[in-house]
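Asker:
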Amino acid sequence: MGGRDATMVLLDENGIRCDGRKIDEPRKIMIKAGGLKNADGSAYIEFGDNKILVGVFGPRDVHPKHMSNTDTGILRVRYHMEPFSVGERKRPAPSRREIEISKVIKEALEPAVMLEKFPRTAVDVFIEVLQADGGTRCAALTAASVALADAGIPMRDMVAAIASGKVADTIILDVNNEEDQAGQADMPVGYMPSLKKITLLQLDGVLTPEEYKKCVDVGVKGCEIVYELQKKALHDKYFGNRKD
Amino acid sequence: MADKRKYVIPGDIVTSGPFRPEQNVVLEGNNIIATAVGISEIYDDSVKVIPLTGKYIPKINDLVIGKVISHTSLSWELDVNSCYVGFLPAQDVFGRDFSTHADELSSKLKTGDLVAARIANFDRTRDPLVTISDRDLGKIDDGVLVKISPSKVPRLIGKKGSMIQMIEMGTNAAVTIGQNGWVVVSCETDEGLLKAKKAIEMVNEKAHIANLTDLIKDMLDGKDES
Chain A
1 MGGRDATMVL LDENGIRCDG RKIDEPRKIM IKAGGLKNAD GSAYIEFGDN KILVGVFGPR
61 DVHPKHMSNT DTGILRVRYH MEPFSVGERK RPAPSRREIE ISKVIKEALE PAVMLEKFPR
121 TAVDVFIEVL QADGGTRCAA LTAASVALAD AGIPMRDMVA AIASGKVADT IILDVNNEED
181 QAGQADMPVG YMPSLKKITL LQLDGVLTPE EYKKCVDVGV KGCEIVYELQ KKALHDKYFG
241 NRKD
Chain B
1 MADKRKYVIP GDIVTSGPFR PEQNVVLEGN NIIATAVGIS EIYDDSVKVI PLTGKYIPKI
61 NDLVIGKVIS HTSLSWELDV NSCYVGFLPA QDVFGRDFST HADELSSKLK TGDLVAARIA
121 NFDRTRDPLV TISDRDLGKI DDGVLVKISP SKVPRLIGKK GSMIQMIEMG TNAAVTIGQN
181 GWVVVSCETD EGLLKAKKAI EMVNEKAHIA NLTDLIKDML DGKDES
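Protein chains in written order, with our numbering: chain A, 1 to 244; chain B, 1 to 226.
1. What in chain A is Cβ-close to Thr35 of chain B, meaning under 8 Å?
2. Suppose you measure from the CA of Asp217 of chain A to the CA of Pro128 of chain B; what does that come to, to the nearest Å?
3. Just to confirm the assignment, what range does the beta strand (DSSP E) spanning Pro154 of chain B have?
4. Given a cut-off of 7 Å, decide if Ile65 of chain B and Trp229 of chain B are closer than it, judged by their beta-carbon atoms.
5. Could you check what DSSP says for Arg137 of chain A in three-state terms: helix, strand or coil?
6. Quick check on Val123 of chain A: buried or exposed, where buried means 16 or more other Cβ atoms within 10 Å of its Cβ?
7. The alpha helix (DSSP H) that contains Gly219 of chain A, what's its start and end?
8. Glu13 of chain A by DSSP, collapsed to three states: which one?
9. So which residues of chain B does Leu234 of chain A contact, with C-beta pairs closer than 7 Å?
10. Flag Arg20 of chain B as yes if its beta-carbon sits less than 7 Å from any beta-carbon of chain A, otherwise no.
11. Helix, strand or coil for Gly11 of chain B per DSSP?
12. Is there a C-beta anywhere in chain A that falls below 7 Å from the one on Cys83 of chain B?
13. Going along the chain, which unbroken runs of the beta strand (DSSP E) with 3 or more residues stay wholly within the stretch 130-176 of chain A?
14. Just list the alpha helix (DSSP H) runs in the stretch 39-125 of chain A, keeping only unbroken ones of 4 residues or longer that don't cross its boundaries, in chain order.
15. Return helix, strand or coil for Ser226 of chain B, following the three-state DSSP convention.
16. Return no unless some Cβ of chain A is closer than 7 Å to the Cβ of Pro51 of chain B.
17. So, Phe87 of chain B versus Ser75 of chain B, is the Cβ gap smaller than 7 Å?
18. Let me check understanding here. Comparing Cα to Cα, which of A:Ile225, A:Asn177, A:Asp180 lies closest to Gly190 of chain A?
19. In chain order, what are the residue ranges of uninterrupted beta strand (DSSP E) at least 3 long that sit wholly in the stretch 25-105 of chain B?
20. For Ile69 of chain B, go through chain A and note every residue whose CB falls closer than 9 Å to its CB, in chain order.
21. Per DSSP, what kind of secondary structure is Met187 of chain A in: helix, strand or coil?
22. The alpha helix (DSSP H) with Met219 of chain B in it runs from where to where?
23. If you draw a straight line from the alpha carbon of Ser164 of chain A to that of Ser95 of chain A, how long is it in whole angstroms?
24. Let me know the secondary structure DSSP gives Asn121 of chain B once reduced to three states.
25. Cβ of Arg124 of chain B less than 7 Å from any chain A Cβ?
26. Ser186 of chain B bridges to which residues according to DSSP?
27. What are the residues that DSSP puts in a beta bridge with Val203 of chain B?
28. Quick check on the burial criterion: 16 or more other C-beta atoms within 10 angstroms. Buried or exposed for Thr53 of chain B?
29. Give a yes or no on whether the minimum CB-CB distance between Phe239 of chain A and chain B is below 7 Å.
30. Per DSSP, what are the beta-bridge partners of Ser16 of chain B in this structure?
31. Kindly list the residues whose CB is nearer than 7 Å to the CB of Asp133 of chain A, restricted to its own chain and excluding five residues on each side of it in sequence; keep chain order.
32. Check this for me: beta carbons of Val56 of chain A and Ala147 of chain A, under 7 Å apart or not?
33. My output table needs one value for Met8 of chain A: the three-state DSSP class, helix, strand or coil.
34. Could you check if Ala2 of chain B is buried or exposed, using at least 16 other CB atoms within 10 Å of its CB as the buried criterion?
35. Nearest by alpha-carbon distance to Leu53 of chain A: which of A:Tyr238, A:Glu128, A:Ser194, A:Asp174 is it?
36. Tyr79 of chain A: buried (16+ other C-beta within 10 angstroms of its C-beta) or exposed?
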């Protein structure tokens with residue numbers, strides 16, 4: 001989204017951020033479960049200006065065979081950004097960054113999925129970022145977990161994710177692209193809300209120990225907001241016209 | 001005991017207390033947590049979740065429809081719409097005195113044939129072993145294969161088989177339902193066949209509707225000519 005003003009004020013004196021949000025307010029989030037007919041499970045998320053589509057296949061046969069594990073199923077994640085997802089065309093080949101994010105998302109989902117029930121199989125998660133605006137890994141993780149639930153993969157809990165960070169010496173929730181570029185710290189947090197366990201925690205920037213603790217707390221609170229929306233997406237698809 | 005039904009998604013606490021966790025639930029501390037999107041049911045001493053989505057996972061004694069995908073000199077491999085292939089040993093068809101020299105496997109079942117089979121054995125270490133040596137089992141000679149979602153098979157069968165009986169009565173078709181979501185319909189008349197097929201597909205699409213039985217009945221009676 002190259003059009004925005006680069007010399008903007010990140011946080012004004014009234015505590016309003018560059019895109020008009022309060023310090024503890026996430027962007028507008030919309031999650032939809034299902035949508036892809038040929039995938040076993042799928043989800044679409046709009047997280048502010050991020051637009052991400054996730055498809056899940058499996059459990060299914062592992063190819064190449066040597067990757068399979070006789071004790072448990074394996075999880076494979078591909079995070080990919082479309083060439084048109086960013087301001088300047090991105091080369092479509094997986095970059096170092098995309099390979100790393102694939103691994104990070106895989107490791108954030110692994111504590112939740114119960115693949116030990118399906119030995120010798122694989123579950124494939126394909127994440128396509130259609131439009132990126134900062135915080136795609138969190139949005140992708142959130143959508144991937146909805147898609148896995150949609151595919152009927154047994155899970156101990158959903159994984160919700162959101163980034164917290166530090167901008168203009170203040171801890172904020174849900175870092176957008178500008179705040180990520182010009183801010184002081186960015187901390188993606190992945191969280192299992194029912195089990196109250198963190199599955200993803202990264203930090204780019206410098207925080208004092210107190211700020212660090214506050215940042216994690218803010219992130220976890222944000223994840224709970226995201227979780228409600230994940231819940232709603234699944235309820236809408238499966239129980240939409242039923243009375244509870 | 002169906003009064004304690006609840007719609008759940010993975011991570012939801014179904015209940016807490018001394019219950020035995022059954023299908024699609026796990027015990028975490030003192031809470032019983034759902035692991036699938038579905039409907040939870042609490043019985044006297046146990047809890048389970050009926051899933052609304054997911055692939056077919058073989059279970060011993062399930063009747064399944066399989067498609068022969070290949071054979072070796074000792075066994076056939078069946079596609080049973082699961083993440084595992086069904087293993088059908090030649091002895092099961094030829095009997096104990098099966099000999100790799102005398103008997104040719106493709107003389108009985110060829111690649112692409114449909115069979116009604118039963119899961120004889122399955123555990124996490126091996127692919128499911130299937131058998132066709134029982135009455136009502138074996139090669140399917142005629143009929144049309146309809147694929148539905150495995151999680152909707154119970155809906156197609158209905159309470160004590162009510163739904164499927166209604167479809168069979170209404171169309172004079174014979175319907176074989178595999179637990180794996182594959183259904184074979186055969187009928188003497190083409191109209192009956194098409195009607196039964198349409199009814200099954202309708203159940204698959206509208207499985208969540210409460211008065212589905214009436215809807216199917218109307219369709220079978222020819223009231224729905226849209």
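Glycine included, C-beta positions come from ideal geometry on N, C-alpha and C.
Answerer: So, from the listed chains and residues:
1. The residue given as residue 35 of chain B occupies position 35 in the second sequence. Under the 8 Å cutoff, chain A gives Met114, Pro154, Met155, Arg156.
2. As a first step, residue 217 of chain A is located in the first sequence; it is residue number 217 there, counting from the start. As a first step, residue 128 of chain B is located in the second sequence; it is residue number 128 there, counting from the start. The alpha-carbon separation between Asp217 of chain A and Pro128 of chain B amounts to approximately 47 Å.
3. Position 154 of the second sequence, counting from 1, holds the residue named residue 154 of chain B. Taken as a continuous stretch (DSSP letters only), Pro154 of chain B belongs to no beta strand (DSSP E), being part of the alpha helix (DSSP H) at 153-157.
4. One cannot answer for residue 229 of chain B here, as it falls past the ends of chain B, which runs 1 to 226.
5. Counting from 1 along the first sequence, the entry for residue 137 of chain A is found at position 137. Three-state DSSP puts Arg137 of chain A in a helix.
6. By 1-based counting over the first sequence, the position of residue 123 of chain A is 123. Counting of Cβ neighbours within 10 angstroms places Val123 of chain A among the buried residues, the total reaching 16 or more.
7. Taking the first residue of the first sequence as 1, we reach residue 219 of chain A at position 219. That run of the alpha helix (DSSP H) goes 209-239.
8. Mapped onto the first sequence, residue 13 of chain A falls at position 13. Coil at Glu13 of chain A, not helix or strand.
9. Within the first sequence, the letter at position 234 stands for residue 234 of chain A. Listed along chain B, the residues sitting closer than 7 Å to Leu234 of chain A by beta-carbon distance are Ile9, Val37.
10. Here residue 20 of chain B refers to the residue found at position 20 of the second sequence. For Arg20 of chain B, the answer is no, since every Cβ of chain A falls outside 7 Å of its Cβ.
11. As a first step, residue 11 of chain B is located in the second sequence; it is residue number 11 there, counting from the start. DSSP, read as helix, strand or coil, puts Gly11 of chain B in coil.
12. As a first step, residue 83 of chain B must be located in the second sequence, where it is residue number 83. Chain A has a Cβ within less than 7 Å of the Cβ of Cys83 of chain B.
13. If only uninterrupted beta strand (DSSP E) runs of at least 3 residues are considered, those enclosed by the stretch 130-176 of chain A are 160-167, 170-173.
14. Fully enclosed alpha helix (DSSP H) runs of 4 or longer: 96-109.
15. As a position in the second sequence, residue 226 of chain B is number 226, starting the count at 1. Its pLDDT being 46, under 50, Ser226 of chain B is placed unreliably in this model, and the value from its coordinates should be taken loosely. Of the three classes helix, strand and coil, the one that applies to Ser226 of chain B here is coil, per DSSP.
16. Here the question's residue 51 of chain B lines up with position 51 in the second sequence. Answer yes: the Cβ-Cβ gap between Pro51 of chain B and chain A drops below 7 Å somewhere.
17. The residue given as residue 87 of chain B occupies position 87 in the second sequence. The residue given as residue 75 of chain B occupies position 75 in the second sequence. Yes, Cβ-Cβ distance for Phe87 of chain B and Ser75 of chain B is below 7 Å.
18. The count along the first sequence starts at 1 and reaches residue 190 of chain A at position 190. For the options A:Ile225, A:Asn177, A:Asp180, the alpha carbon positioned closest to that of Gly190 of chain A is the one of A:Ile225.
19. Here the runs fully enclosed are 25-28, 31-34, 38-42, 46-51, 63-71, 75-79, 85-89.
20. The residue labelled residue 69 of chain B in the question sits at position 69 within the second sequence. Residues of chain A whose Cβ lies closer than 9 Å to the Cβ of Ile69 of chain B do not exist, since the nearest Cβ in that chain is about 12 Å away.
21. Here the question's residue 187 of chain A lines up with position 187 in the first sequence. Three-state result, Met187 of chain A: strand.
22. In the second sequence, counting from the first residue as 1, residue 219 of chain B sits at position 219. In this chain, the alpha helix (DSSP H) harbouring Met219 of chain B covers 212-220.
23. Taking the first sequence and counting its residues from 1, one reaches residue 164 of chain A at position 164. Taking the first sequence and counting its residues from 1, one reaches residue 95 of chain A at position 95. Taking the straight line joining both Cα atoms gives about 25 Å.
24. Here residue 121 of chain B refers to the residue found at position 121 of the second sequence. Of the three classes helix, strand and coil, the one that applies to Asn121 of chain B here is strand, per DSSP.
25. Taking the second sequence and counting its residues from 1, one reaches residue 124 of chain B at position 124. A Cβ of chain A is located within less than 7 Å of the beta carbon of Arg124 of chain B.
26. Here residue 186 of chain B corresponds to residue number 186 of the second sequence, with the count starting at 1. DSSP lists B:Ala174 as partners of Ser186 of chain B.
27. Taking the second sequence and counting its residues from 1, the one referred to as residue 203 of chain B is at position 203. Answer is none; Val203 of chain B lacks a bridge partner.
28. For this step, residue 53 of chain B is matched to residue 53 along the second sequence. Label assigned to Thr53 of chain B: buried.
29. To locate residue 239 of chain A, count along the first sequence from 1; it is residue 239. Output row for Phe239 of chain A: interface = yes.
30. Looking up residue 16 of chain B in the second sequence gives position 16. In DSSP, Ser16 of chain B forms a bridge with B:Asn31.
31. Here residue 133 of chain A refers to the residue found at position 133 when the first sequence is read from its first residue. Met1, Gly48, Asp49, Asn50, Asn176, Asn177.
32. Locating residue 56 of chain A in the first sequence gives position 56, counting from the first residue. Locating residue 147 of chain A in the first sequence gives position 147, counting from the first residue. Closer than 7 Å, so yes.
33. Counting from one through the first sequence, the residue named residue 8 of chain A turns up at place 8. Of the three classes helix, strand and coil, the one that applies to Met8 of chain A here is coil, per DSSP.
34. Within the second sequence, numbered from 1, the residue matching residue 2 of chain B stands at position 2. Caution is warranted here: a pLDDT of 48 is assigned to Ala2 of chain B, below 50, making its placement in the model unreliable, and no coordinate value can be reported.
35. Here residue 53 of chain A refers to the residue found at position 53 of the first sequence. Nearest C-alpha to Leu53 of chain A: A:Glu128.
36. Counting from one through the first sequence, the residue named residue 79 of chain A turns up at place 79. Buried is the call here.
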